[in-house]
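In what follows, a structure is listed as structure tokens, so that the remarks can point back to it.
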Amino acid sequence: MSGGLGADTLVGGDGSDSYTVDNAGDVVTETNAASTGGIDTVYSSLNAYTLTANVENGQLLSSGAANMTGNSLNNLLYAGAGDNVLDGGLGVDTVSYLYAASAVTVSLAVAGSQNTLGSGSDTLIGIEKLNGSNYNDTLTGNAGANDLNGSGGADTMAGGNGSDYYYVDNASDVVTETNAASTGGIDTVFSYLNAYTLTANVENGRTLSAGAANMTGNSLDNLLYAGAGDNVLDGGLGVDTVSYLYAASAVTVSLAAAGSQNTLGSGSDTLIGIENLTGSNYNDTLTGDAGANILLGGSGFDTLTGGGGNNIFDFNALSEMGTLSGATDVITDFVSGQDKIDLSTLDANTATVANNAFSSFIDNTASFTAAGQLMFLDGVLYGNTNNDSSAEFAIQLTGVTTLAISDIIL
45 MSGGLGADTL
55 VGGDGSDSYT
65 VDNAGDVVTE
75 TNAASTGGID
85 TVYSSLNAYT
95 LTANVENGQL
105 LSSGAANMTG
115 NSLNNLLYAG
125 AGDNVLDGGL
135 GVDTVSYLYA
145 ASAVTVSLAV
155 AGSQNTLGSG
165 SDTLIGIEKL
175 NGSNYNDTLT
185 GNAGANDLNG
195 SGGADTMAGG
205 NGSDYYYVDN
215 ASDVVTETNA
225 ASTGGIDTVF
235 SYLNAYTLTA
245 NVENGRTLSA
255 GAANMTGNSL
265 DNLLYAGAGD
275 NVLDGGLGVD
285 TVSYLYAASA
295 VTVSLAAAGS
305 QNTLGSGSDT
315 LIGIENLTGS
325 NYNDTLTGDA
335 GANILLGGSG
345 FDTLTGGGGN
355 NIFDFNALSE
365 MGTLSGATDV
375 ITDFVSGQDK
385 IDLSTLDANT
395 ATVANNAFSS
405 FIDNTASFTA
415 AGQLMFLDGV
425 LYGNTNNDSS
435 AEFAIQLTGV
445 TTLAISDIIL
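If you read the sequence shown in the working numbering, its first letter stands for residue 45, the second for the next number, and so on.
So, in structure tokens, the structure goes:
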């Protein structure tokens with residue numbers, strides 16, 4: 045909507061609306077705060093503009109000095125050609141240089157005006173994320189958690205401290221994480237390339253390509269997310285994990301398989317130097333190898349086989365676990381005194397604010413009397429997380445007749 049000359053009132057309603065504002069008296073009204081209100085954008089020709097309530101995005105059209113201020117939403121602000129002050133306000137906000145005339149150099153760590161080289165001298169306030177131009181940009185984060193996306197071109201991205209996300213879509217993109225300490229956060233690269241190797245001090249990687257694509261880790265303990273296509277996932281050094289969290293359907297994956305294996309739900313993958321597996325949101329079958337593995341089924345009713353070695357079967361949420369026969373996770377080869385069941389991230393008492401640990405193993409002839417109790421009966425581990433007499437979760441242990449409290453990480 046464009047009111048033309050005059051002081052206009054523009055009301056978009058539902059949907060993703062675009063407003064053109066060229067008069068300081070123009071008023072933009074978006075009354076719908078729900079998702080049905082769409083993603084709305086104001087194109088401003090003014091020297092200064094503040095996004096009104098329920099408007100997400102703004103773009104400066106002025107070629108001269110102009111400012112834009114966000115609101116309490118997660119705003120996306122597009123820089124103009126001139127000198128800009130871009131203030132995200134509240135929320136997790138992004139500045140984009142998509143329309144820059146040439147490459148930009150921008151740092152979120154700079155207080156005050158900075159010469160971007162390709163898009164005037166800008167001041168960034170309350171900005172957490174940066175999107176580059178179509179050229180070879182240099183983007184730098186700050187001490188917080190940042191998203192850096194170079195967009196087109198061969199870009200250099202340096203996140204600094206904090207847990208940073210990098211988006212790589214050019215084989216010449218460079219990701220630099222100089223902080224090897226814990227203050228450097230847990231960093232993740234999202235790669236659209238056919239092949240990508242994590243650079244130093246970057247922990248996690250996810251391939252976003254729908255086709256065949258490979259991801260290689262570094263010397264850290266990496267978490268590699270499989271893509272939709274056929275992947276070669278090489279952990280490199282360290283104790284590494286492959287996750288099928290984003291699989292379209294249930295997966296069947298074995299760490300003991302050499303070469304390509306059809307996962308059924310996420311292409312045919314080759315796993316190299318991988319010690320741990322995380323499943324999808326469906327009913328997965330995960331198998332370890334002869335080493336020490338951690339198997340986490342995730343949502344769905346999963347079948348977990350550790351193989352040889354001292355294995356950990358990890359359960360992170362009650363939503364991942366069933367309570368009825370045939371609707372539970374199954375561990376096929378648990379060895380008491382060797383393997384462990386990790387319940388440490390489960391809240392054993394949901395009635396309190398704290399995350400409580402399980403406290404006791406009760407006799408299998410008794411009934412639950414309190415939250416935090418565990419019971420092993422007829423090859424099934426039951427747990428109570430409230431004060432009733434019924435179990436909130438069950439894990440079936442095939443062929444196991446006895447289980448000790450020492451077999452469980454509380």
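Glycine included, every Cβ here is placed at the ideal spot set by N, Cα and C. As the structure is a computational prediction, the values presented were derived from the model and not from experiment.
#1: Give, in chain order, every unbroken run of the beta strand (DSSP E) that is at least 3 residues long and sits entirely within the region 226-257.
#2: Exposed or buried, which one is Leu-277 when buried takes at least 16 other CB atoms within 10 Å?
#3: Assign Met-45 to buried or exposed, taking buried as 16 or more other Cβ atoms, counted over all protein chains shown, within 10 Å of its Cβ.
#4: Starting from Asp-278, follow the beta strand (DSSP E) in both directions and report where the run begins and ends.
#5: In whole angstroms, what is the alpha-carbon distance linking Ser-177 and Gly-196?
#6: Is any beta-carbon of chain D found at less than 8 Å from that of Asp-208?
#7: Would you give the residue range spanned by the beta strand (DSSP E) that Gly-427 belongs to?
#8: Can you tell me whether Ser-363 is helix, strand or coil according to DSSP?
#9: Comparing alpha-carbon positions, which option in Gly-133, Ile-338, Asp-284, Ala-414 lies nearest Asp-386?
#10: Identify whether Ser-146 lies in helix, strand or coil by the three-state DSSP scheme.
#11: Quick one: what does DSSP say Ser-403 is sitting in, helix, strand or coil?
#12: Buried or exposed: where does Ala-383 fall if 16 or more other Cβ atoms within 10 Å of its Cβ makes it buried?
#13: Looking at the unbroken beta strand (DSSP E) that takes in Ile-449, where does it start and where does it end?
#14: Please state the DSSP three-state secondary structure of Gly-102.
#15: Skipping 5 residues on each side, what residues in its chain have a beta carbon closer than 8 Å to that of Thr-73?
#16: Looking only at DSSP bridge pairs, what is Ser-165 linked to?
#17: So the candidates are Thr-182, Phe-412, Tyr-210, Thr-160; which of them puts its Cα closest to the Cα of Val-246?
#18: Spell out a yes or no on whether the region 396-403 and the region 368-378 are touching, meaning 3 or more CB-CB pairs, one atom from each, closer than 8 Å.
#19: Between Ala-110, Asp-181, Gly-81, which has its C-alpha nearest Leu-68's C-alpha?
#20: Looking only at its chain, what residues have a beta carbon closer than 6 Å to the beta carbon of Asn-354, apart from the 5 residues adjacent to it on each side?
#21: Whole angstroms are fine: how far does the CA of Asp-391 sit from the CA of Phe-402?
#22: Among residues of its own chain, excluding the 5 on either side of Asn-205, which ones have a beta-carbon nearer than 7 Å to its beta-carbon?
#23: Per DSSP, Ile-439 is paired with what?
#24: Based on the DSSP secondary-structure assignment, which residues constitute the bridge partners of Leu-192?
#25: Look at the alpha carbon of Ala-77 and the alpha carbon of Thr-64, and state the distance between them as a whole number of angstroms.
#26: Taking the alpha-carbon of Tyr-269 as reference, which of Leu-315, Ala-301, Thr-243, Ser-263 has the nearest alpha-carbon?
#27: Take every Cβ of the region 252-262, pair it with every Cβ of the region 235-244, and state whether three or more of those distances are shorter than 8 Å.
#28: At the level of alpha carbons, what is the spacing between Gly-170 and Thr-75?
#29: Quick one: residues in its chain with C-beta nearer than 7 Å to the C-beta of Ala-408, no 5 flanking neighbours on either side, listed in chain order?
#30: How is the beta strand (DSSP E) around Val-139 delimited, first residue to last?
#31: Are Ala-125 and Ser-89 touching if we call contact CB-CB under 8 Å?
#32: Just the C-alpha distance for Tyr-179 and Leu-142, rounded to the nearest angstrom, thanks.
#33: At a cut-off of 7 Å, is Asn-327 close to the ligand SAM when judged by its beta-carbon and the heavy atoms of the ligand?
#34: Among the candidates Ser-298, Tyr-288, Lys-173, Thr-329, whose CA atom is the shortest distance from the CA of Ser-310?
#35: Check this for me: beta carbons of Asp-181 and Asp-199, under 8 Å apart or not?
#36: Pull up the distance between the alpha-carbon of Asp-217 and that of Thr-243, whole angstroms please.
On the basis of the data shown:
#1: 232-235, 239-241, 248-251
#2: Flag for Leu-277 reads buried.
#3: exposed
#4: DSSP places Asp-278 in the uninterrupted beta strand (DSSP E) bounded by 275-278.
#5: 6 Å
#6: Among the chains in the structure shown there is no chain D, since it carries only a single protein chain.
#7: 424-427
#8: If DSSP states are grouped into helix, strand and coil, Ser-363 belongs with the helices.
#9: Ile-338
#10: DSSP places Ser-146 in coil when its eight states are reduced to three.
#11: coil
#12: Per the sequence shown, residue 383 should be read as Asp rather than Ala. Per the 10 Å Cβ criterion, buried.
#13: Taken as a continuous stretch (DSSP letters only), Ile-449 belongs to no beta strand (DSSP E), as it is neither H nor E.
#14: strand
#15: If the five residues before and after Thr-73 are omitted, its C-beta is found closer than 8 Å to the C-beta atoms of Thr-53, Leu-54, Val-55, Gly-56, Thr-96, all from its own chain and listed in chain order.
#16: Partner(s): Asn-159.
#17: Tyr-210
#18: no
#19: A quick correction: the sequence has Ala, not Leu, at residue 68. For Ala-68, the nearest C-alpha among the options comes from Ala-110.
#20: Ala-336, Gln-382
#21: 8 Å
#22: Ala-187, Asn-223, Thr-227, Gly-228, Gly-229
#23: Paired residues: Asp-373, Leu-425.
#24: Leu-174, Tyr-210
#25: 20 Å
#26: Leu-315
#27: A contact is defined here as three or more CB-CB pairs under 8 Å, and the region 252-262 meets this definition with respect to the region 235-244.
#28: 25 Å
#29: The sequence given here places Asn at residue 408; Ala does not occur at that position. For Asn-408, same chain residues with a beta-carbon under 7 Å away, outside a window of 5 residues either side, are Met-419, Phe-420, Leu-421 in chain order.
#30: 138-140 is the span of the beta strand (DSSP E), which, as asked, contains Val-139.
#31: no
#32: Their backbone Cα atoms lie some 9 Å apart in a straight line.
#33: The ligand SAM is not among the ligands present in this structure, which contains no ligands whatsoever.
#34: Tyr-288
#35: yes
#36: Each residue's Cα considered, the two are about 11 Å apart.
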